[in-house]
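**Student:** Numbering (the numbering used here), first residue to last: 68 to 472.
Each residue gets a CB set at the ideal place from its N, CA and C atoms; glycine is no exception.
Being a predicted model, the structure only gives us computed values, none of them experimental.
Take a look at this one; I'll ask things after.
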Ligand code: SF4
């Protein structure tokens with residue numbers, strides 16, 4: 068059974084990360100997963116990401132029981148299941164941070180910061196906690212669904228980043244220090260460059276990493292952006308994967324089909340799906356999800372403008388035309404035979420299967436696609452039997468037409 072060796076170190080650094088939050092009197096900032104983590108770290112905040120907690124609730128399958136708890140406060144079962152499972156977890160006092168990491172629970176925030184570059188839901192979600200903890204909350208609201216990110220837009224978003232500085236100073240008790248910001252951005256730029264190299268190793272056949280491994284190994288780029296720990300981890304992981312490429316060691320030894328995954332993971336079924344694809348000699352070699360933490364615009368020489376650009380031009384915040392171009396590039400770069408769109412029932416924002424994009428992409432690329440219905444956390448929207456049949460039929464179809472075997 069193929070096992071990425073760096074996984075042991077990953078477990079250790081993620082455990083250390085959780086245990087270190089708020090230690091020695093350090094202040095804690097909560098941040099959205101593609102929010103301004105580098106800016107917050109420059110003030111000395113420990114940064115906690117509620118979306119990661121949502122993913123943990125999904126992966127441990129605790130979410131489905133917790134979502135109804137949020138429903139009692141009026142949070143619909145049909146909105147973001149990260150939001151509802153996380154709020155349900157808070158209300159019931161149950162969290163995988165207790166059972167898996169030995170913590171008392173989630174850390175208490177000194178400042179809550181969001182960026183609606185991914186969705187407006189985060190504003191409602193984080194607003195709940197601002198009221199609960201009577202905690203200051205600030206947000207960045209860039210224009211959405213952009214074809215291009217113009218200079219005017221970058222300048223607007225720079226002003227929005229600068230507007231949160233007083234709240235950061237007040238909550239941290241520290242003055243803004245541009246050199247500290249340059250340093251955290253420098254770490255992030257290097258970590259994100261390495262993360263991209265890690266993902267790109269899957270251009271090779273057999274691919275030494277798949278989407279399912281990527282959802283685990285992306286931990287440091289989400290949680291530890293802006294630190295040297297993330298840089299060191301990806302140096303180690305990259306070196307292992309490059310060695311595997313040289314030795315032709317891959318996740319699927321007899322790789323026959325290569326697939327692109329669009330949309331959110333189905334956290335509670337990641338292991339089952341990973342095994343299913345391996346059994347069917349298929350590598351899911353790339354995804355919009357894992358690629359979302361490649362911020363190639365970061366530049367410490369111009370920290371505000373480059374952060375504004377990097378966080379505004381992410382895939383989820385782009386027009387359909389811009390998304391199609393990005394998808395076409397990835398499909399070609401990773402030599403994919405087909406694409407699976409995950410229609411996540413509680414996340415419209417990170418689902419591209421609802422308005423005919425798969426059909427238009429198929430016309431443009433000539434590659435077959437299929438839609439799998441499910442959800443990031445709420446397994447009531449996922450039918451395992453039906454999905455397995457659909458996926459196996461799709462793989463059979465691709466295997467007959469694959470140009471890469
Ligand atoms: S992008 Fe989707 S999953 Fe993520 S916070 Fe927004 S609604 Fe939830």
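Spatial neighbours of residue 287 within its chain, please: C-beta separation below 6 angstroms, excluding the five flanking residues on both sides.
**Tutor:** In the chain shown, the residue the question calls residue 287 occupies position 220. Excluding positions up to five away in sequence, the list reads 297, 300.
**Student:** Using CA coordinates, which residue listed in 451, 435, 370, 334 is at the minimum distance from residue 120?
**Tutor:** Working through the chain shown from its first residue, we reach residue 120 at position 53. Considering only alpha carbons, the answer is 334.
**Student:** Whose CA, out of 189, 424, 336, lies closest to the CA of residue 448?
**Tutor:** By one-based count along the chain shown, residue 448 stands at place 381. For residue 448, the nearest C-alpha among the options comes from 336.
**Student:** If you reduce the DSSP assignment to three classes, tell me which class residue 202 lands in.
**Tutor:** Residue numbering aside, residue 202 sits at position 135 when the chain shown is read from its first letter. DSSP places residue 202 in coil when its eight states are reduced to three.
**Student:** So which of 308, 345, 339, 311 has the shortest CA-CA distance to residue 326?
**Tutor:** Within the chain shown, the letter at position 259 stands for residue 326. Ranking the options by Cα distance to residue 326, first place goes to 345.
**Student:** Report the rounded CA-to-CA distance for residue 463 versus residue 329, giving the unit in angstroms.
**Tutor:** Translated into the one-based positions of the chain shown, residue 463 becomes position 396. Translated into the one-based positions of the chain shown, residue 329 becomes position 262. Using only the alpha carbons, I get a separation of about 20 angstroms.
**Student:** Tell me the residue span of the beta strand (DSSP E) that contains residue 324.
**Tutor:** As a position in the chain shown, residue 324 is number 257, starting the count at 1. Element bounds for residue 324: 324 to 329.
**Student:** Leaving out five residues on either side along the sequence, give the residues of the same chain with a beta carbon under 7 angstroms from the beta carbon of residue 200.
**Tutor:** For the purposes of this step, residue 200 is taken as the residue at position 133 of the chain shown. Answer for residue 200: 175, 176, listed in chain order.
**Student:** With distances taken between CB atoms, is the gap from residue 110 to residue 235 smaller than 7 angstroms?
**Tutor:** Position 43 of the chain shown, counted from the start, is the residue given in the question as residue 110. Position 168 of the chain shown, counted from the start, is the residue given in the question as residue 235. The answer is yes: Cβ separation under 7 angstroms.
**Student:** Quick one: what does DSSP say residue 182 is sitting in, helix, strand or coil?
**Tutor:** The residue labelled residue 182 in the question sits at position 115 within the chain shown. Note: residue 182 maps to strand in three-state DSSP.
**Student:** With 16 other CB atoms within 10 Å as the buried threshold, where does residue 291 fall?
**Tutor:** Start at 1 with the first residue of the chain shown, and residue 291 comes out as number 224. Residue 291 is buried by the Cβ-count criterion.
**Student:** With three or more beta-carbon pairs closer than 8 angstroms as the criterion, would you say the region 211 to 221 touches the region 372 to 379?
**Tutor:** Yes: at least three Cβ pairs fall under 8 angstroms.
**Student:** Starting from residue 436, trace the beta strand (DSSP E) both ways and give me its first and last residue.
**Tutor:** Counting from 1 along the chain shown, the entry for residue 436 is found at position 369. That run of the beta strand (DSSP E) goes 436 to 441.
**Student:** For residue 115 versus residue 97, is the C-beta spacing smaller than 7 angstroms?
**Tutor:** Within the chain shown, numbered from 1, the residue matching residue 115 stands at position 48. Within the chain shown, numbered from 1, the residue matching residue 97 stands at position 30. Yes. Within cutoff.
**Student:** May I have the straight-line CA-CA distance separating residue 205 from residue 180, to the nearest angstrom?
**Tutor:** Counted from its first residue, the chain shown places residue 205 at position 138. Counted from its first residue, the chain shown places residue 180 at position 113. Using only the alpha carbons, I get a separation of about 5 angstroms.
**Student:** Among the residues of its own chain, which have a CB less than 8 angstroms from the CB of residue 74, if the five just before and after it don't count?
**Tutor:** Residue 74 sits at position 7 when you count from the first residue of the chain shown. Closer than 8 angstroms at the Cβ level, and outside the excluded window around residue 74, lie 283, 284.
**Student:** What does a CB cutoff of less than 7 angstroms around residue 414 pick up in its chain, not counting 5 residues either side in sequence?
**Tutor:** For the purposes of this step, residue 414 is identified with residue 347 of the chain shown, where counting begins at 1. Excluding sequence neighbours, residue 414 sits near 147, 331, 443.
**Student:** Under 8 angstroms by Cβ, that's how I've got residue 386 and residue 208 pegged, so tell me the actual separation to the nearest angstrom.
**Tutor:** As a working mapping, residue 386 is identified with position 319 in the chain shown. As a working mapping, residue 208 is identified with position 141 in the chain shown. Between residue 208 and residue 386 the Cβ distance is about 18 angstroms, and since that is not below 8 angstroms, they are no contact.
**Student:** State whether the region 342 to 357 contacts the region 307 to 321, with contact taken as three or more CB pairs (one from each stretch) at a distance under 8 angstroms.
**Tutor:** The region 342 to 357 vs the region 307 to 321: in contact.
**Student:** Does the ligand SF4 have a heavy atom nearer than 6 angstroms to the CB of residue 396?
**Tutor:** Here residue 396 corresponds to residue number 329 of the chain shown, with the count starting at 1. False, no ligand heavy atom lies under 6 angstroms from that Cβ.
**Student:** Expressed to the nearest angstrom, what Euclidean distance is found between the alpha-carbon atoms of residue 400 and residue 348?
**Tutor:** Here residue 400 is taken as the residue at index 333 of the chain shown, counted from 1. Here residue 348 is taken as the residue at index 281 of the chain shown, counted from 1. Approximately 20 angstroms between the Cα atoms of the pair.
**Student:** Count the other C-beta atoms from every protein chain shown that fall within 10 angstroms of the C-beta of residue 472, then say buried if there are 16 or more, exposed otherwise.
**Tutor:** Residue numbering aside, residue 472 sits at position 405 when the chain shown is read from its first letter. Interpretation of residue 472 is limited by its pLDDT of 47, a score under 50 that renders its predicted location unreliable; no figure is taken from the coordinates.
**Student:** Decide if residue 474 is buried, meaning its Cβ has at least 16 other Cβ atoms within 10 Å, or exposed.
**Tutor:** The chain is shown only over 68 to 472; residue 474 falls outside these bounds and no answer can be derived.
**Student:** Can you give, in chain order, each stretch of the alpha helix (DSSP H) that sits fully within the region 111 to 194 and has at least 4 residues?
**Tutor:** Whole alpha helix (DSSP H) segments, 4+ residues: 117 to 126, 130 to 138, 148 to 159, 163 to 166.
**Student:** In its own chain, which residues sit with a C-beta less than 7 angstroms from the C-beta of residue 459, not counting the 5 before and 5 after it?
**Tutor:** What you label residue 459 is simply residue 392 of the chain shown in a count that begins at 1. Excluding residues within five positions, the ones whose Cβ falls inside 7 angstroms are 347.
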